[in-house]
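*Asks:*
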Amino acid sequence: MALISKYIWFDGKLLTHDKAKVPVTSHAIHYGTSVFEGIRAYWNAGNLFIFRLDEHVKRFRNSGKYYNISLRYSDKKIKKAIIDLCRKNKIKKSCYIRPFYFIGQYGINLHVTKKAPTHVAIFSFPFGDLFDKNGITACISIWRKFSDESTPTQAKMGGNYLNSILATQDAKKQGFDEAILLDKNGFVSEAPGENIFIVKKNTLITPPLSSSALDGITRRSILTFSKDLKMKTKIKNISKKELRSADEIFLSGTAAEITPIIKLEKTKIGTGRIGNVTKVVMKKYSDIVMNESKKYSKWITPVY
Ligand SMILES: Cc1ncc(COP(=O)(O)O)c(C=O)c1O
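Its first residue numbered 1, the sequence shown is counted upward by one per residue in my numbering.
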């Protein structure tokens, strides 16, 4: 793991690591009452470009609402904090930015209400590829993705990610790079930290949110820009059989960006190499995040 940048934004101040601390009695450590986002910023042509900052900040606030956990700063203040953090750390490399807020108050029987005090922190670190962009292997997880009947699937909460951790542990134990989780009805849901797309005859197909998939910002971006590529898109339930017989499969997410899956358990997907449709989607995504696409410069916030 790369080194975390020197300064951390903590409750309105830019502090060095040693000063940004919370007590071990904090509620979030015990019960997972933390809310987080993952954002990327790309260094290109002498500037740092934050991808879809507005969308991330909107989801950041919204995630907490499912649990009555309050974000005590305005969207404007959070966006400024993220930009200030990048500037203070003089970031001149593509990086990952992690904002989070959490209940810091002590109380083993604390009733969580909007009034419960929260801390907000933001840190960043240089970040390249999460996965091998030439393609990865995956398996269908023994763990099912949780559904809205038990925990809100659209909330990016610390506690929710225990399901992802189990699925990842299982996949790695079996020697695969990544897991694919099925929803409660046995349809494809998503990966532990990524949405999934299959390609069938030049159509991009992705599961609906009712399959417990997160409303991913990368997923949404692909569904928008694929129109420019003259690709058809479909949001529909995907069975295991359809997944196995897909022409191509790729994952989408802030950290994973667009990552091809070239082998699913023992089955080669397509030719067993990155498919042509996936290649085109990867190139378009890369152009957009690097701010090399005029049409989508509205998705970019320059830091400098
Ligand atoms: C469970 C899960 N699904 C999908 C995604 C992809 O979402 P995004 O494209 O907004 O990063 C993420 C990452 O945030 C995630 O954690």
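Ideal Cβ positions, reconstructed from N, Cα and C, are used throughout, including at glycine.
Source: prediction; values computed, not measured.
Quick one: does the C-beta of N195 sit closer than 8 Å to a heavy atom of ligand 1?
*Replies:* yes
*Asks:* CB-CB under 6 Å to I217, same chain, minus the five flanking residues each way: which ones, in chain order?
*Replies:* R52, E55
*Asks:* Express the C-alpha separation of S226 and I108 in angstroms, rounding to a whole number.
*Replies:* Straight-line Cα distance between these residues: approximately 48 Å.
*Asks:* What number of angstroms, rounded off, separates the C-alpha of T278 from the C-alpha of L264?
*Replies:* Each residue's Cα considered, the two are about 16 Å apart.
*Asks:* Buried or exposed: where does S245 fall if 16 or more other Cβ atoms within 10 Å of its Cβ makes it buried?
*Replies:* So S245 ends up on the exposed side.
*Asks:* Can you round the beta-carbon distance between N89 and S124 to whole angstroms, since I take them to be within the 8 Å contact cut?
*Replies:* 7 Å
*Asks:* Taking 8 Å as the line, does the beta carbon of P208 fall inside it for any heavy atom of ligand 1?
*Replies:* no
*Asks:* In whole angstroms, what is the alpha-carbon distance linking M1 and D129?
*Replies:* In this predicted model, M1 has a pLDDT of only 46, less than 50, meaning its place in the structure is not dependable enough to derive any value.
*Asks:* What do you reckon, are the CB atoms on M157 and V22 nearer than 9 Å?
*Replies:* V22 is positioned such that its CB atom lies no closer than 9 Å to that of M157.
*Asks:* Three or more C-beta pairs closer than 8 Å, one from the segment 167-174 and one from the segment 204-213: is that the case here?
*Replies:* no
*Asks:* In terms of residues, what are the limits of the alpha helix (DSSP H) holding T206?
*Replies:* Looking at the DSSP string, T206 is not in any alpha helix (DSSP H); the run it does join, the beta strand (DSSP E), is 203-206.
*Asks:* For Y161, is the beta carbon positioned less than 8 Å from some heavy atom of ligand 1?
*Replies:* yes
*Asks:* For I108, which three-state DSSP category applies?
*Replies:* coil
*Asks:* To the nearest angstrom, report how far apart L223 and T233 are at their CA atoms.
*Replies:* 7 Å
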